[in-house]
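Note that full-length UniProt numbering has the sequence shown beginning at 1, numbered continuously upward.
For glycine and all other residues, C-beta sits at the position ideal for the given N, C-alpha and C.
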Amino acid sequence: MAAPAAEEERPRAGRGAPGVEQRAGRGGGDLSRAEPRRALPGVPRPERRASSGDRCGLSPVRAAMTETTRYSGGGFVHIKNPHLEAMDEDVLYHLDLGTKTHDLPAMFGDVKFVCVGGSPNRMRAFAQFVHKELGLEGDGEDLADICAGTDRYAMYRVGPVLSISHGMGIPSVSIMLHELIKLLHHAKCRDVTIIRIGTSGGLGVQAGSVVITDRAVDACFQPRFEQVVLGDVVVRGTDLDGGLVEELLACSKDIPDFPTLVGHTMCTYDFYEGQGRLDGALCSFSNERKLEYLQRAHDAGVRNIEMESTAFAALCGLCGLRAAVVCVTLLDRLQGDQIRASHAVLQEYQQRPQRLVAAYIRSRLGLGAAAGNTRPDRH
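Put into structure tokens, the structure is as follows:
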């Protein structure tokens, strides 16, 4: 099916609109007055790229040209790639699925919620928990891994909910999201909500707190995701759905046994040096410099740190998916680097985002959020 046509939207000053791709021109001139170049029929407009001088401490990238996800498509997932329509078959290699080998509309057409997280075991446990929360028949122990033909990712279907692992870091989550978004498009899914549930390091919040991300920022505290395309840097906005943030926060009121808050999430390319840890194989900075950096992040509104949120927010936003990030903090990084909590404590922490998101799904399905107070089985 052809991708719905995008509608033009005037860029907003100061920050990118949700789902907006921002492109910077070369040379650092005033891009706000730049005239877009004429696009060829069926081919995306030429992209403006980020100047090499645009990094931490300098002005954020200004919007020269935007692509918005507001389109007239009745809630269908929007694919921003004209080449796909000319393909005979689309092989979703890393998911072990394809448009000729599988009936994707029959398998996934009525999916309304997609939940993604790093660990295959955790996402299987979440699927089993949702099975119980939705009151479906059986005990959920016999759930089949839809991606069993590959060892890259795991995927489970429970009623209207899809539970998928994405591995660790931006490259892994990006590969999964490209193929997942195409899957939802080929399956003709409508009005899909996608939520990342995971773990993170906290900033100035107690271990075990659940952070609902209102904005994903990079390691320079800017709401952007930088992707190298054909040797150039493309800058994309990372805003998330504000209404979904409020809905999740409202659901947290029914689960009072752990703290839930809203804040910025900082996404890095690395667990050690990239997050200012002193305990990696390499370290070229002092404890004082580390704490100064983390304090600046906290002052900028960052409340947790992980390694997927900017790519997740950018891809989902550009393709018209209502998206959120919900992560538990395993420690306060202002107090230390190593995760020293016991296995049992960490297991319980990891269940907290699952409980909140399950309560949200129940609420959206008209089942009430109260059952979210139960705990998933431990795996």
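Of the listed residues L294, E273 and G263, nearest to S284 (C-alpha basis): Checked all of L294, E273 and G263; the closest Cα to S284 is E273.
Complete beta strand (DSSP E) runs within the stretch 104 to 163 (minimum length 3 residues, chain order): 113 to 117 and 155 to 158
Neighbour-count burial assignment, R215, 16 or more Cβ in a 10 Å radius: buried
Distance, V158 Cα to K132 Cα: 10 angstroms
According to DSSP, residues forming a beta bridge with S200: T329
For A313, the nearest candidate out of D241, L330, Y293 and C251 (CA to CA): For A313, the closest of D241, L330, Y293 and C251 by C-alpha to C-alpha distance is D241.
Residue from C220, V357, I164 and Q338 with nearest C-alpha to G280: Q338
V192: first and last residue of the uninterrupted beta strand (DSSP E) it sits in: Counting along the chain, V192 falls outside any beta strand (DSSP E), and DSSP gives it neither H nor E.
Alpha-carbon to alpha-carbon, Q227 and V234: 5 angstroms
Span separating the alpha-carbon of F113 from that of F129: 15 angstroms
S209 to R333 span [Cα, whole Å]: S209 and R333 have their C-alpha atoms spaced approximately 13 angstroms apart.
Close beta carbons around D191, own chain, < 7 angstroms, minus the five adjacent residues each side: Correct list, in chain order: G75 and K112.
Continuous beta strand (DSSP E) stretch holding T213: start and end: V210 to V217
CB contact flag (S309, T268, <7 angstroms): Not in contact: S309 and T268 (Cβ atoms no closer than 7 angstroms).
Cut-off 6 angstroms between Cβ atoms - residues of its own chain near R303, not counting five sequence neighbours on either side: L203, V205, V211 and G263, listed in sequence order.
Three-state class that DSSP yields for T260 in the structure shown: strand
6 angstroms CB neighbourhood of R277 in its chain, flanking five on each side removed: D337
Simplified DSSP state of L230, which is helix, strand or coil: coil
Residue range of the unbroken alpha helix (DSSP H) whose run includes R289: N287 to D299
Exposure label - V161; buried when at least 16 CB within 10 Å: Burial of V161 is indicated by the presence of at least 16 other C-beta atoms within 10 angstroms of its C-beta.
Contact check, H186 vs T99, beta carbons under 7 angstroms: yes
Distance between D239 and R224 (C-alpha atoms, nearest Å): 8 angstroms
C-beta atoms of T329 and S119 nearer than 7 angstroms: no
Local conformation of R249 per DSSP, three classes: The residue you asked about is not Arg; residue 249 is Leu in the sequence shown. In this structure, L249 counts as helix in the three-state DSSP scheme.
P82 to K290 span [Cα, whole Å]: 45 angstroms
Proximal residues to H298 (C-beta, below 8 angstroms), its chain only, five neighbours per side dropped: L203, G204 and L334
G368 CB to nearest heavy atom of the ligand FAD below 6 angstroms: By its list of ligands, the structure shown contains no ligand whatsoever, and the ligand FAD lies outside what it can speak to.
E306, enclosing beta strand (DSSP E) - first and last residue: V302 to E306
Burial state of K182, where buried means 16 or more other Cβ atoms lie within 10 Å: buried
In DSSP terms, what L184 is bridged to: DSSP lists no partner for L184.
DSSP state of A207 mapped onto helix, strand, coil: coil
Nearest candidate by alpha-carbon position, reference L92, set I175, D139, G167 and G135: I175
Under the three-state DSSP convention, the category V173 falls into: helix
With 16 other Cβ atoms within 10 Å as the buried cut-off, status of E306: buried
F271 (DSSP reduced to helix, strand or coil): coil
First and last residue of the uninterrupted alpha helix (DSSP H) at R355: H343 to R364
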